[in-house]
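So the sequence shown is numbered by my numbering: it starts at 27 and just counts up by one.
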Amino acid sequence: LGLGLASIGLVQARRAHREMIVERDTACRAREAESAERVRAERPARTSDAVQTFLEQMFSSVNPVRGIERDVTVRSMLKSAGARIDAGALEGQPDVEFALRMTIGTTLRSIGENEAAERHVAVAEDLARRLYPEASQEALKVRCVRAGLMFRRGNIREAAERLRRDDAVATAALGPDHPTTGEITNL
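Put into structure tokens, the structure is as follows:
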């Protein structure tokens, strides 16, 4: 009888130990998921802060009072900013680099510097492939801008193919009335 009770106690202790391990592992996974969600939620604020800091440095670097450049142009500021990024100023911050290359690329496009714009937007598109899902607003937006630049440079067939594909993705993911879908459709 004593041996039987000891065996039952051992089985119960092992079961309790396994349950404790399962509970510990479940709690650990929950903490890891919470931590990952917190990082994901904080990402836009960190990106925004880093972009703001970079832009402040960009504007202050061409201060005519410091004698660096007397007649500052948008083109020269963008060229300087692009050179800083190319030199690795944002290494390890791909989301910040994505945002700034998109800003630089679309600004260059707006002043007619399509070749320089396409270079920045192409890098942003590569970054988007690594950072965002294919149907995200960021990925769709960069592909739309790149297609528009291709169109301006005469690559009409490739631009049209990209836009057709992205219009279908945007409509399915974001809906036909979403501004990003409309931008792709109307390009």
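The beta carbon of each residue, even a glycine, is placed where N, CA and C say it ideally should be.
Predicted, not measured: the structure shown is a model, and the values here were computed from it.
Query	Result
Note down, one range per segment and in chain order, each alpha helix (DSSP H) of at least 4 residues found wholly within the region 147 to 184.	163 to 178
Would you report the Cα separation of H43 and G208, rounded to the nearest angstrom?	58 Å
Is A165 near L213, with beta carbons less than 9 Å apart?	no
When we look at the beta-carbon of V171 and count the other beta-carbons within 10 Å, is it buried (16 or more) or exposed?	buried
With three or more C-beta pairs closer than 8 Å as the rule, is the region 126 to 134 touching the region 142 to 159?	yes
With respect to the alpha helix (DSSP H) encompassing A107, which residues constitute its N-terminal and C-terminal limits?	100 to 112
Can you give me the start and stop residues for the alpha helix (DSSP H) that I210 sits inside?	205 to 212
In angstroms, rounded to a whole number, what distance separates the CA positions of P120 and D75?	14 Å
Quick check on L36: does DSSP put it in helix, strand or coil?	helix
Quick one: residues in its chain with C-beta nearer than 7 Å to the C-beta of R178, no 5 flanking neighbours on either side, listed in chain order?	N140
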